[in-house]
Amino acid sequence: MSNSVANKPRIPVLTGPTGAGKSALAYRLMDIRPNIELISADSRQIYKYMAIGTDKPTAEEREKYTIHLVDCVEPGERYTAYDFVTDARSLIDQILKRGACPLVCGGTGLYLKSLIEGIVELPDHDLKIRAELEEIAVTKGPKYLYEELERIDPLEAGKIHPNNIKRIIRALEIYQLTGRTKSDVLATPTMEPSYHFDVLCYMPPREVLYERINARVNRMIEVGLQDEIENLTERGLKEAVEKVNVIGYNELYKYIDGEISRESAVNLIKQNSRRFAKRQVTWFKGMPYLAYFDAPDTIINQLKLICDGINI
Numbered sequence: 178m179s180n181s182v183a184n185k186p187r188i189p190v191l192t193g194p195t196g197a198g199k200s201a202l203a204y205r206l207m208d209i210r211p212n213i214e215l216i217s218a219d220s221r222q223i224y225k226y227m228a229i230g231t232d233k234p235t236a237e238e239r240e241k242y243t244i245h246l247v248d249c250v251e252p253g254e255r256y257t258a259y260d261f262v263t264d265a266r267s268l269i270d271q272i273l274k275r276g277a278c279p280l281v282c283g284g285t286g287l288y289l290k291s292l293i294e295g296i297v298e299l300p301d302h303d304l305k306i307r308a309e310l311e312e313i314a315v316t317k318g319p320k321y322l323y324e325e326l327e328r329i330d331p332l333e334a335g336k337i338h339p340n341n342i343k344r345i346i347r348a349l350e351i352y353q354l355t356g357r358t359k360s361d362v363l364a365t366p367t368m369e370p371s372y373h374f375d376v377l378c379y380m381p382p383r384e385v386l387y388e389r390i391n392a393r394v395n396r397m398i399e400v401g402l403q404d405e406i407e408n409l410t411e412r413g414l415k416e417a418v419e420k421v422n423v424i425g426y427n428e429l430y431k432y433i434d435g436e437i438s439r440e441s442a443v444n445l446i447k448q449n450s451r452r453f454a455k456r457q458v459t460w461f462k463g464m465p466y467l468a469y470f471d472a473p474d475t476i477i478n479q480l481k482l483i484c485d486g487i488n489i
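If you want it as structure tokens, here you go:
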């Protein structure tokens with residue numbers, strides 16, 4: 178992280194792989210420090226109606242604790258990392274003004290990385306420009322557009338296969354919209370961090386983590402994940418939910434549609450959840466400022482010290 182934020186407010190961040198028990202730790206901390214407000218950094222819990230499969234805070238927990246960025250977006254609706262950073266920064270400012278302590282908690286690595294390191298706002302698509310570029314791709318071929326990109330932005334061209342016409346067009350579109358190459362835009366974050374983030378990662382031993390993941394899947398099934406999915410279908414949201422691609426929903430849809438057995442669906446949810454946790458751990462390794470903990474009491478004590486540093 179940049180030294181320029183060293184004297185900014187210290188914001189605690191609690192992360193870790195799915196199923197580790199981050200929320201339980203956060204609630205323990207909030208019982209000790211009641212004026213903590215939680216900002217969820219979970220790209221699944223942002224969606225409405227999908228409560229059981231995303232392991233959202235219960236109604237009782239949401240009544241007891243102040244929790245933000247849960248149930249904000251319709252399934253299938255676009256919500257980007259840039260949207261998260263915009264919303265999270267606004268919430269952090271508001272919470273600090275109230276004299277409280279914001280706690281960012283969640284396992285979506287892209288959200289956290291964007292908030293902590295800064296993020297670029299890429300321009301929205303321009304259908305007219307895109308249509309013109311697509312027409313050129315048809316009449317002159319992808320090679321023509323790729324060579325144009327090589328001339329304009331050789332750094333970006335070097336990252337793209339010459340036949341990946343979608344990415345070529347997007348890079349050229351950004352250039353036409355902004356007058357700057359995509360490489361130049363990405364190299365200059367438009368939302369740099371305004372705080373000092375202390376990022377604590379709760380990482381139980383792998384065998385413990387996998388046991389917790391399996392137990393959580395069993396609990397989700399027991400409390401009615403299939404009923405939730407069937408209710409989403411009745412709402413006409415099946416296609417939107419499938420597009421969100423949250424583990425648990427698509428696997429059970431395969432069972433409901435008769436493609437696999439219920440037992441196979443449950444086992445697949447567990448397997449995909451464990452694989453997702455493994456990918457998260459890999460992502461965290463690319464965030465060198467993380468401090469790792471495997472003992473709940475130790476990480477709670479460290480979070481208390483950070484919160485005390487914000488003068489709450």
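Under the working numbering, the first residue of the sequence shown is numbered 178, with each subsequent residue one higher. Just so you know, even glycine gets a beta-carbon here, dropped at the ideal spot from N, CA and C.
Practice problem: Mark Gly425 as exposed unless 16 or more other C-beta atoms lie within 10 angstroms of its C-beta, in which case mark it buried. | Solution: Buried, because 16 or more other Cβ atoms sit within 10 Å of the Cβ of Gly425.
Exercise. Give a yes or no on whether the C-beta atoms belonging to Ile216 and Leu268 are separated by under 8 Å.
Key: Yes, Cβ-Cβ distance for Ile216 and Leu268 is below 8 Å.
Quiz prompt | Sequence-distant residues of the same chain with beta carbon closer than 7 Å to Val394, five excluded per side | solution = Taking Val394 as the centre and dropping the five residues before and after it, the same chain places the C-beta of Val443, Ile446, Lys447 and Ser450 closer than 7 Å to its C-beta, in chain order.
Quiz item: Grouping DSSP H, G and I as helix and E and B as strand, with all else coil, what is Val250?
Solution: Strand.
Quiz prompt | Reduced DSSP category for Tyr469 - H, G, I as helix; E, B as strand; rest coil | solution = Of the three classes helix, strand and coil, the one that applies to Tyr469 here is strand, per DSSP.
Quiz item: Can you check whether the CB of Tyr379 is closer than 8 Å to the CB of Ala197?
Solution: Closer than 8 Å, so yes.
Self-check item: Leu386 to Leu292 span [Cα, whole Å]
Solution: Leu386 and Leu292 have their alpha carbons spaced roughly 26 Å apart.
Practice problem: Report yes if the C-beta distance between Ile351 and Val362 is below 8 Å; otherwise report no. | Solution: Yes, they are a contact pair.
Quiz item: So, Ile476 versus Arg187, is the Cβ gap smaller than 8 Å?
Solution: Arg187 is positioned such that its CB atom lies no closer than 8 Å to that of Ile476.
Quiz item: From Tyr372 to Asn427, what does the alpha carbon distance come to, in whole angstroms?
Solution: One C-alpha to the other measures close to 38 Å.
Exercise. Could you check what DSSP says for Tyr259 in three-state terms: helix, strand or coil?
Key: Tyr259 falls in the helix class under three-state DSSP.
Practice problem: State the Cα-Cα distance for the pair Tyr204 and Pro339, rounded to the nearest angstrom. | Solution: The straight-line gap from Cα to Cα measures roughly 50 Å.
Exercise. On a CA-only basis, which of Gln479, Arg439, Lys420 and His245 is nearest Gln271? Give me that one, please.
Key: The shortest C-alpha separation from Gln271 is found at His245.
Practice problem: Can you tell me which of the three DSSP states Arg187 falls into? | Solution: Strand at Arg187.
Self-check item: Backbone CA spacing between Tyr256 and Ile223 [nearest angstrom]
Solution: Rounded to whole angstroms, the separation of the alpha carbons of Ile223 and Tyr256 is 9 Å.
Exercise. Run the CB neighbour count on Ile213, radius 10 Å, all protein chains shown included, and call it buried at 16 or more, exposed below.
Key: Note on Ile213: 16 or more other CB atoms within 10 angstroms of its CB, so buried under the neighbour-count rule.
Quiz prompt | Under the three-state DSSP convention, the category Ile437 falls into | solution = Correct three-state label for Ile437: coil.
Quiz item: According to the neighbour-count rule (16 or more other Cβ atoms, all chains shown, within 10 Å of its Cβ), is Asp262 buried or exposed?
Solution: The sequence as given places Val at residue 262; Asp does not occur at that position. For Val262, the number of other beta carbons within 10 angstroms of its own is at least 16, and it is reported as buried.
Exercise. Under 8 Å by Cβ, that's how I've got Leu322 and Ile313 pegged, so tell me the actual separation to the nearest angstrom.
Key: Indeed, because the Cβ distance is near 6 Å, the residues count as touching under 8 Å.
Quiz item: Just checking, does the segment 232-244 make contact with the segment 429-442 on the three C-beta pairs under 8 Å criterion?
Solution: With a cut-off of 8 Å, the segment 429-442 and the segment 232-244 do not count as touching, because too few Cβ pairs lie within range.
Exercise. Please state whether DSSP places Thr192 in a helix, a strand or coil.
Key: In the structure shown, the three-state DSSP call for Thr192 is strand.
Quiz prompt | Rounded C-alpha distance that separates Cys278 from Lys320 | solution = In a straight line, the C-alpha of Cys278 is about 54 Å away from that of Lys320.
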